[in-house]
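Here is the structure we will look at, set down as structure tokens.
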Amino acid sequence: MGLVVISPLALPALDGNGKDWQRIGDIAQAYGAVSALLSGLAVVGVAASLVLQAREAKAARVQNTRLMHMEFTKQAMENPEYLDCWGGPDASRTVLLRRQHMYVNLVVSHWEMWFELGDLTEQWLASMCDEIFAGEIGRSFWARTREARISTASTRRMKHFNQIIDARYEAALSTPPRSEPALPDLRVPGVVPPRAADQDQS
């Protein structure tokens, strides 16, 4: 910026003796073209900054909305009496299954925000879907919600997001879900052994 400001003072020196005003005028016109280029670059920089600020503001709004949704869901998962507030009694699902579906919904919603921000690649999303749909809980969740999610996608990117998930769901149906029991605690470092109360409830 300093060079741009003081460069007109150097115009006479560029002419040699500084007395050929026609040549100085030509040099000034060339300088004007450079100045216009710099001004254009500055405008582009400002526009890019505004786009980034708008994106960050949108991400912040989405994050706040997700946090509120997560808090409401957490309360329903911890208090079974609130489950009926989310669609009424459901004889086709136990309380445990409804809690599990709500948890998977939180996971998928997190993926959705991540994907919308451009930080989640299609390959990584597909890989995580394969993990979720390897079990029965993930499959039953998507079977219940796929039509609503696909039909209510408001942007092209969200439609693409749901299409990727649905494609991995369809691919998962070609193999039976995992049915082997969870591995027992073999005193692996970092694994917390179950409490006696938990064992009694199981």
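Numbering-wise (this note's numbering), the sequence shown opens with residue 1 and increments by one. For every residue, glycine included, the Cβ atom is placed at its ideal position computed from N, Cα and C. All values derive from a computational prediction rather than experimental measurement.
Hey, residue i and residue j: beta-carbon distance below 7 angstroms or not?
{"i": "Ile-164", "j": "Leu-125", "result": "yes"}
{"i": "Met-159", "j": "Ala-167", "result": "It should be pointed out that residue 159 corresponds to Lys in this sequence rather than to Met. Not in contact: Lys-159 and Ala-167 (Cβ atoms no closer than 7 angstroms)."}
{"i": "Met-203", "j": "Arg-66", "result": "Residue 203 is absent from the structure shown; the chain starts at 1 and stops at 202."}
{"i": "Val-104", "j": "Gly-138", "result": "yes"}
Judging by CA-CA distance, which residue of the options is the nearest neighbour of residue i?
{"i": "Thr-121", "options": "Phe-161, Ser-39, Asp-166, Pro-80", "result": "Phe-161"}
{"i": "Tyr-82", "options": "Arg-66, Met-102, Val-108, Asn-64", "result": "Met-102"}
{"i": "Glu-136", "options": "Ser-127, Ala-172, Arg-156, Ser-154", "result": "Ala-172"}
{"i": "Arg-144", "options": "Pro-176, Met-113, Leu-97, Gly-45", "result": "Leu-97"}
{"i": "Leu-117", "options": "Ala-57, Arg-146, Thr-175, Gly-87", "result": "Ala-57"}
{"i": "Ser-140", "options": "Gln-123, Val-51, Val-44, Ser-92", "result": "Ser-92"}
{"i": "Thr-175", "options": "Glu-147, Thr-73, Val-43, Glu-131", "result": "Glu-131"}
To which residues of the same chain is residue i closer than 6 angstroms at the C-beta, ignoring the five residues directly before and after it?
{"i": "Val-108", "result": "none"}
{"i": "Asp-200", "result": "With a pLDDT of only 45 at Asp-200, under the threshold of 50, the placement of this residue in the model should not be trusted; the figure read from the coordinates follows. Closer than 6 angstroms at the Cβ level, and outside the excluded window around Asp-200, lies no residue."}
So residue i and residue j are supposed to be a Cβ contact under 8 angstroms. How far apart are they, rounded?
{"i": "Trp-111", "j": "Met-128", "result": "7 angstroms"}
{"i": "Phe-115", "j": "Tyr-169", "result": "Not really, about 16 angstroms apart at Cβ, beyond 8 angstroms."}
Please go through the same chain and pick out, in chain order, the residues whose beta-carbon is closer than 7 angstroms to the beta-carbon of residue i, but skip the five residues on each side of it.
{"i": "Arg-99", "result": "Met-77"}
{"i": "Met-70", "result": "Leu-106"}
{"i": "Trp-86", "result": "Ala-76"}
{"i": "Arg-178", "result": "Ala-134, Gly-135"}
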